[in-house]
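Sequences listed follow chains R and H, in order.
Last residue of the first sequence: 509 in the numbering used here, with the numbers rising by one and none dropped.
Last residue of the second sequence: 335 in the numbering used here, with the numbers rising by one and none dropped.
We put the CB at the ideal spot given by N, CA and C, even for glycine.
Quick caveat, the model's predicted, so the values are computed rather than measured.
Before any comments, here is the structure.
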Amino acid sequence: MTMIRRNLAAATVAGLALAAISGEVAAQTKSRVTIGVTENISYHNPYADSVSQMYAIWCSTYGCLGYFDFAKGDYVGLLADRWEVKDPNTWIFHLRRDVKRHDGGPFRAEDVVHSIDRANNDPQTSQKQNVAPITKAEVIDDHTVRITTKEPTAPLLEYIFDRLMITSKELFDKHGQREVDRRHPLGFGPYKVRSIQIGESMVIEKNTAWPGILKENPDEVIFRVLREPEARVTALLNNEIQIAQYIPPHLVQRVENARNVRAEPTSSVEIMFIAMSPKHKPWDNMKLRQAVAYAIDRETIIKTILQGRAEVLHGPIGPGQYGYDPNLQPRYSFDPAKARRLVVEAGFPNGVDVEFFTPVARYINDKQISEAVVAMLGQVGIRARLMTPEWATLWADVRKGNTPFYYLGRGSVVDPTVAIAQYFETGGSPRIGYSNPKVDELLRKERQTFDPVERKKTLNQVFSIITEEAPAHFMWRHQQVDGVSNTIDYQPTPSGRILSTTIRMRNPG
Amino acid sequence: MLGYTVRRILGTIPVMVLISLLVFVLLHSAPGDPAEMLLSDEATPQDIAEAKARWGLDQPIYVQYWRFLSSAIQFDFGESFRYRETVVDLLIQRFPATIELALAAILIAVIIGVPLGVWSGARPNTWVDNVSSVVGFFGISMPSFWMGIMLILIIAGFFNWLPSAGRETFGVPGERITGLYTVDSLIRGDMRAFWDALSYLIMPAVTLGVNMLGILMRVTRSAVLDVMHEDYVTTARAKGLAERVVLWRHTVRNALITIITVVGLELGTLLSGSIIVETVFAWPGIGSMLIAGLNVRDYPLITGLVLAYTAIFVFVNFVIDICYGAIDPRIRFDR
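This is the structure in structure tokens:
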């Protein structure tokens with residue numbers, strides 16, 4: 001390889017001349033960080049999408065009440081100074097007094113009330129679900145808001161903290177919905193929106209008036225949509241970008257071997273599972289569902305197909321997620337003999353034929369994983385035919401409850417209440433079609449319990465029942481690896497959300 | 001000529017209507033629902049029903065199509081579900097990028113493919129012919145997604161000669177005039193911006209153009225071989241004309257009809273290839289946007305973009321028909 005490099009040195013000189021002019025290679029400055037992201041940048045309107053990446057960008061710019069700090073393991077305020085639960089249905093939020101709008105205008109309680117209204121009623125909103133528990137939001141004074149919920153909602157912060165963007169009522173009234181987002185994207189957060197190229201890139205710049213902003217925080221942050229992993233990694237190695245999100249396992253070594261960049265792993269909060277809908281035969285049989293859980297050798301799949309970059313789940317959630325109990329029971333180990341016995345006990349002495357659905361290229365190595373699962377199930381008498389519909393088709397069928405047996409992920413599970421209710425509470429959604437009155441009762445109780453110790457205890461009772469009855473077999477959480485330039489300090493969060501204030505330049509200049 | 005032009009323009013109307021109907025029916029028949037794809041994982045059935053009503057998807061398909069058609073006549077293709085911008089605005093923003101890429105790809109294919117084909121046809125079974133054939137087969141055989149990834153890995157990754165993806169360096173391009181960055185920078189006389197735009201354009205254009213290059217090389221070779229045995233070529237030689245004149249004035253000119261017909265027909269392949277190439281290189285044209293639209297069943301966007309592709313294809317083939325008259329005086333359109 002070295003020989004080839006030497007022999008082509010002359011040609012390289014010519015190429016470098018072009019590259020030097022070409023751009024980001026040369027244009028890299030110490031106060032600019034470019035991030036290669038995978039999700040689309042689709043809107044000017046901060047209420048128009050419900051994409052994890054955009055929540056974080058809007059939260060950094062327009063501002064949000066707070067966010068979950070994974071290092072502290074708790075929620076921290078951004079625009080909210082503190083909050084209190086007055087009674088089970090009433091929350092009081094005290095807002096920061098030292099924050100100004102990007103143009104120097106005031107930050108007031110009416111902006112929060114206005115934002116809840118926009119999340120609910122904006123003609124382009126995709127965020128109604130985030131404010132669904134709220135019945136009323138009122139201004140108490142310029143810096144205090146009272147929020148009333150339909151029913152006691154202990155996990156309210158999960159709904160509204162970094163998923164409710166705070167926009168200015170004054171600017172909205174002055175310019176109207178369409179104009180204000182496009183022409184006057186002035187918020188209250190630590191960064192300002194500078195430009196948005198729909199589907200392509202977004203540039204934000206540091207709000208130097210933000211209390212506590214650091215010299216080390218980059219002056220500009222550019223989010224560039226780069227969907228191809230090879231393109232992201234190459235751009236990172238060439239210093240065209242300084243953070244490359246989501247490096248797939250087969251490319252991690254390329255990043256690790258490079259001198260100017262490093263791989264920063266973190267456990268994702270996306271839980272991967274195999275759903276077995278009890279409303280469809282033969283999955284109404286609990287023993288057969290448990291047989292699936294015993295038949296799959298998760299450790300081997302992680303070691304081989306995922307190259308060690310995942311963490312087995314014993315129950316619906318893992319470390320760092322709210323309510324995690326390392327001693328949760330029961331646990332499923334790889335036990336094909338027991339699985340075979342369970343298949344027979346389930347009434348299938350000659351085995352059973354089923355269809356197993358998987359997305360392709362949506363999750364890391366999803367098809368390869370599903371192929372391995374099919375082979376493992378075959379060993380215990382569950383003859384699964386692998387079905388690989390296009391994602392839109394599969395997702396539509398899953399949402400309608402028409403897919404009995406499938407491999408899927410559920411992202412953004414920090415406080416698991418919403419996700420667990422969505423998949424396992426009666427009427428939560430048709431996706432699995434599981435129903436257990438005991439689980440329903442416990443979930444209701446958990447939502448109304450404000451004592452964290454008691455709430456976690458109730459949640460774990462739910463987790464135990466679900467794990468035992470196995471309407472879903474929880475597989476693993478992927479290890480999310482971001483590639484990071486050595487010119488910056490940055491640690492990815494398990495949610496994959498990038499708050500620009502968490503990026504620090506090593507030599508701010 | 002005017003009558004011919006008017007007839008051709010009128011002839012495109014039923015083509016466009018038919019294509020729009022086909023796309024509309026196929027899209028609505030495909031499984032998957034835009035509201036379910038675009039709303040949050042936590043959206044309730046009521047949220048989904050409201051979104052469908054807002055987008056008119058609760059209406060019967062013939063009502064939806066009629067609404068689309070009556071608006072499309074006024075160049076209003078509706079608002080994209082995904083981007084919440086009008087499809088026309090999105091087209092205006094994205095179209096120049098695709099045009100620039102397609103033009104660069106055609107340029108590469110023609111500038112390299114035609115001379116290679118001519119030399120190869122003029123000297124059959126020589127080393128020139130053999131090398132050209134290898135180049136031709138290489139171009140035809142390489143899938144564009146593979147070729148794109150290889151260029152990224154080798155040219156951008158290994159040698160670091162060119163940027164890996166995108167269309168511009170933030171802060172380098174200046175005022176937009178035509179939307180074609182290379183052309184705009186030349187008009188402004190800004191060479192730094194020109195080299196910047198060119199450096200981003202080279203890899204996607206080569207990836208896109210290499211297939212057409214291979215086909216053009218093969219077709220040109222074949223056409224030149226055919227024409228070389230015509231009587232008028234023998235006559236030209238008998239008159240004592242130089243071989244270069246015989247080849248380029250008498251042979252190539254007569255082979256041109258075949259060559260430009262192939263360019264027109266291959267344009268469809270090139271445009272469909274641009275969808276993949278734009279995605280691989282994060283090139284912000286209508287191809288990568290079409291993929292984004294398809295993934296979420298963005299009906300207005302997909303229909304608008306497919307019609308834009310159809311319009312390009314029809315227009316270019318119309319221009320090529322006009323060119324026939326210039327190349328071959330026997331072909332006239334005013335009768």
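Can you list, in chain order, the residues of its chain with a C-beta nearer than 7 Å to that of residue i? Leave out the 5 residues immediately preceding and following it.
{"i": "I92 (chain R)", "result": "W83, E84, K86, T144, R146"}
{"i": "I202 (chain H)", "result": "L162"}
{"i": "F318 (chain H)", "result": "R8"}
{"i": "F70 (chain R)", "result": "G320, T493, P494"}
{"i": "G56 (chain H)", "result": "Q64, R67"}
{"i": "E24 (chain R)", "result": "Confidence at E24 (chain R) is low in this model, with a pLDDT of 46, below 50, so the placement of that residue should be treated as unreliable; the coordinate-derived value is given next. Cβ neighbours of E24 (chain R) beyond the five flanking positions: T34, E240."}
{"i": "K456 (chain R)", "result": "G323"}
{"i": "I48 (chain H)", "result": "A35, E36, L39"}
{"i": "T258 (chain H)", "result": "V219, A223"}
{"i": "L116 (chain H)", "result": "S132, V135, M217"}
Looking at the secondary structure, which residues open and close the alpha helix (DSSP H) in which residue i lies?
{"i": "W58 (chain R)", "result": "52 to 61"}
{"i": "L236 (chain R)", "result": "229 to 237"}
{"i": "Q290 (chain R)", "result": "286 to 295"}
{"i": "T98 (chain H)", "result": "87 to 122"}
{"i": "S199 (chain H)", "result": "191 to 228"}
{"i": "S132 (chain H)", "result": "127 to 141"}
{"i": "A119 (chain R)", "result": "109 to 121"}
{"i": "D321 (chain H)", "result": "299 to 327"}
Under 9 Å Cβ-Cβ, which residues of chain H neighbour residue i?
{"i": "A337 (chain R)", "result": "The premise fails here: A337 (chain R) is roughly 38 Å from chain H at the closest Cβ pair, so nothing lies under 9 Å."}
Can you list, in chain order, the residues of its chain whose CB lies under 8 Å from that of residue i, leaving out five sequence neighbours each side?
{"i": "I488 (chain R)", "result": "V33, P218, Q242, I243, I503, R504, M505, R506"}
{"i": "F75 (chain H)", "result": "V88"}
{"i": "V15 (chain H)", "result": "T310, V314"}
{"i": "S126 (chain R)", "result": "Y47, A48, D49, S50"}
Closer than 6 Å by C-beta to residue i: which residues in its own chain qualify, once you throw out the five before and the five after it? Chain order, please.
{"i": "R331 (chain R)", "result": "H314"}
{"i": "H28 (chain H)", "result": "I61"}
{"i": "H94 (chain R)", "result": "D81, R82, T144"}
{"i": "E355 (chain R)", "result": "R385, M387"}
{"i": "L516 (chain R)", "result": "The question about residue 516 (chain R) has no answer, for chain R in this structure spans 1 to 509."}
{"i": "Y363 (chain R)", "result": "G409"}
For a contact defined as C-beta to C-beta under 7 Å, what are the partners of residue i on chain H?
{"i": "E39 (chain R)", "result": "Simply none; closest approach about 11 Å."}
{"i": "R399 (chain R)", "result": "E36"}
Hey, quick one: how far does the beta strand (DSSP E) through residue i stretch, first residue to last?
{"i": "R262 (chain R)", "result": "261 to 276"}
{"i": "A372 (chain R)", "result": "Careful: A372 (chain R) lies outside any beta strand (DSSP E), inside the alpha helix (DSSP H) at 366 to 379."}
{"i": "M202 (chain R)", "result": "201 to 206"}
{"i": "Y232 (chain H)", "result": "First-last for Y232 (chain H): 231 to 238, but that is the alpha helix (DSSP H), not the beta strand (DSSP E)."}
{"i": "A472 (chain R)", "result": "472 to 485"}
{"i": "G77 (chain R)", "result": "74 to 77"}
{"i": "I222 (chain R)", "result": "220 to 225"}
{"i": "S511 (chain R)", "result": "Any property of residue 511 (chain R) remains undetermined from this structure, which presents chain R solely from 1 to 509."}
{"i": "L342 (chain R)", "result": "Unbroken run through L342 (chain R) is the alpha helix (DSSP H), 336 to 345; no beta strand (DSSP E)."}
{"i": "G293 (chain H)", "result": "Not the beta strand (DSSP E): G293 (chain H) falls in the alpha helix (DSSP H), residues 286 to 295."}
{"i": "Q197 (chain R)", "result": "191 to 197"}
Give me the chain H residues within the contact set of residue i, using Cβ-Cβ distance strictly less than 8 Å, ordered along the chain.
{"i": "V418 (chain R)", "result": "E42"}
{"i": "Q124 (chain R)", "result": "R84"}
{"i": "W395 (chain R)", "result": "G32, E36, M37"}
Anything in chain R within Cβ reach of residue i, meaning under 8 Å, just list it in chain order.
{"i": "N295 (chain H)", "result": "W391, A392"}
Who are the neighbours of residue i on chain R, taking C-beta pairs under 9 Å?
{"i": "A104 (chain H)", "result": "Within chain R, no residue comes near A104 (chain H); the closest Cβ sits about 15 Å away, beyond 9 Å."}
Under 7 Å Cβ-Cβ, which residues of chain R neighbour residue i?
{"i": "P300 (chain H)", "result": "Going along chain R, no residue has its Cβ under 7 Å from P300 (chain H), so there is no contact; the nearest lies around 14 Å."}
Which of the residues in the stretch 145 to 167 of chain H, read from start to end, lie with their CB under 7 Å from any CB of chain R?
Residues I149, I152, L153, A156, G157, F159, N160, W161, L162, P163, S164, A165, G166.
Where the stretch 35 to 69 of chain H meets chain R: residues whose CB sits under 9 Å from a CB there:
The stretch 35 to 69 of chain H vs chain R, Cβ under 9 Å: E36, M37, L38, L39, S40, D41, E42, A43, T44, P45, Q46, D47, I48, E50, A51, R54.
Given a limit of 7 Å on CB to CB distance, which residues of the stretch 41 to 53 of chain R reach chain H?
Of all residues in the stretch 41 to 53 of chain R, S42, Y43, N45, A48, S50 have a Cβ within less than 7 Å of some Cβ in chain H.
Pair every Cβ in the stretch 372 to 386 of chain R with every Cβ in the stretch 222 to 239 of chain R, then say whether three or more of these pairs are closer than 8 Å.
Contact fails: fewer than three Cβ-Cβ distances are below 8 Å.
For the stretch 180 to 209 of chain R, which residues have a CB atom closer than 8 Å to at least one CB atom of chain H, in sequence order?
Taking 8 Å as the Cβ-Cβ cut-off against chain H, the residues of the stretch 180 to 209 of chain R that qualify are Q197, I198, G199, E200, S201, V203.
Can you list, in chain order, the residues of the stretch 248 to 279 of chain H whose Cβ is nearer than 7 Å to any Cβ on chain R?
Going along the stretch 248 to 279 of chain H in chain order, one finds T279 with a Cβ nearer than 7 Å to chain R.
Interface positions of the stretch 206 to 237 of chain R facing chain H (Cβ-Cβ less than 7 Å), listed along the chain
Of all residues in the stretch 206 to 237 of chain R, those with a C-beta nearer than 7 Å to a C-beta of chain H are I222, R224, V225, L226, R227, E228, E230, A231, T234, A235, L237, reading in chain order.
Can we say the stretch 134 to 154 of chain H touches the stretch 228 to 247 of chain H, given the rule of at least three CB pairs closer than 8 Å?
Here the stretch 134 to 154 of chain H makes no contact with the stretch 228 to 247 of chain H; the two share fewer than three CB pairs at distances below 8 Å.
Does the structure place the stretch 149 to 160 of chain R close enough to the stretch 447 to 457 of chain R that three or more beta carbon pairs sit under 8 Å?
These segments touch.
Positions along the stretch 421 to 434 of chain R whose CB lies within less than 7 Å of some CB in chain H
Those residues of the stretch 421 to 434 of chain R that come within reach of chain H (Cβ to Cβ, closer than 7 Å) are Q422.
Is there contact here, the stretch 126 to 138 of chain R with the stretch 181 to 200 of chain R, by at least three beta-carbon pairs under 8 Å?
The answer is no - the stretch 181 to 200 of chain R does not touch the stretch 126 to 138 of chain R, with fewer than three Cβ pairs under 8 Å.
Proximal residues, the stretch 126 to 137 of chain R versus chain H, C-beta separation under 9 Å:
Of all residues in the stretch 126 to 137 of chain R, the ones placed with a Cβ closer than 9 Å to any Cβ belonging to chain H are S126, Q127, K128, Q129, N130, A132, in chain order.
Listed in chain order, which residues of the stretch 240 to 271 of chain R have Cβ atoms closer than 7 Å to some Cβ of chain H?
If the cut-off is 7 Å between Cβ atoms, the stretch 240 to 271 of chain R has E240 near chain H.
Do the stretch 159 to 172 of chain R and the stretch 104 to 112 of chain R touch if we need at least three Cβ pairs shorter than 8 Å?
With the cut-off at 8 Å, the stretch 159 to 172 of chain R and the stretch 104 to 112 of chain R touch.
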